[in-house]
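Trainee: Here our numbering is used: position 17 in the sequence shown is 21, and no number is missing along the way.
Glycine included, every Cβ here is placed at the ideal spot set by N, Cα and C.
Quick caveat, the model's predicted, so the values are computed rather than measured.
After the structure tokens below, expect a handful of questions from me.
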Amino acid sequence: MPNIKSAKKRVLIAEVRNARNKAAKSELKTAIKKFEAAAAEGNRTEADGAYKVAVKKVDQAVAKGIMHKNTAAHRKSAMTLKLNKIG
């Protein structure tokens with residue numbers, strides 16, 4: 005446990021930010037899993053909607069510094085390929 009006042013504050017701030025980032029990561033993973041499930045079923049309309057939500061969540065994660073932009077580009081590219089394979 006830190007003794008210095010500013011260090012104590014940093015610990016509290018880190019906990020708050022950690023919780024916020026964890027929630028955002030969870031939302032991101034859920035959106036991607038929903039898209040994956042819709043794509044696996046071959047349901048084009050459901051996959052389209054889930055794709056838009058997932059791409060938006062990925063972009064938001066990049067903006068918040070939760071995900072690296074190259075990782076986001078890789079994920080979006082993979083999702084786009086899966087979406088295009090659905091007839």
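Would you call residue 8 buried or exposed, if buried means 16 or more other Cβ atoms sit within 10 Å of its Cβ?
Mentor: Under this definition residue 8 is an exposed residue.
Trainee: Taking the beta carbon of residue 76 as the centre, do at least 16 other beta carbons fall within 10 Å, making it buried, or is it exposed?
Mentor: Under this definition residue 76 is a buried residue.
Trainee: Distance check for residue 13 and residue 119, CA to CA, integer angstroms please.
Mentor: The question about residue 119 has no answer here: the residues shown for the chain are numbered 5 through 91.
Trainee: Starting from the Cα of residue 62, find the closest Cα among 46, 89 and 28 and give me that residue.
Mentor: With distances taken between Cα atoms, residue 62 lies closest to 28.
Trainee: Helix, strand or coil: how does DSSP classify residue 72 here?
Mentor: In this structure, residue 72 counts as coil in the three-state DSSP scheme.
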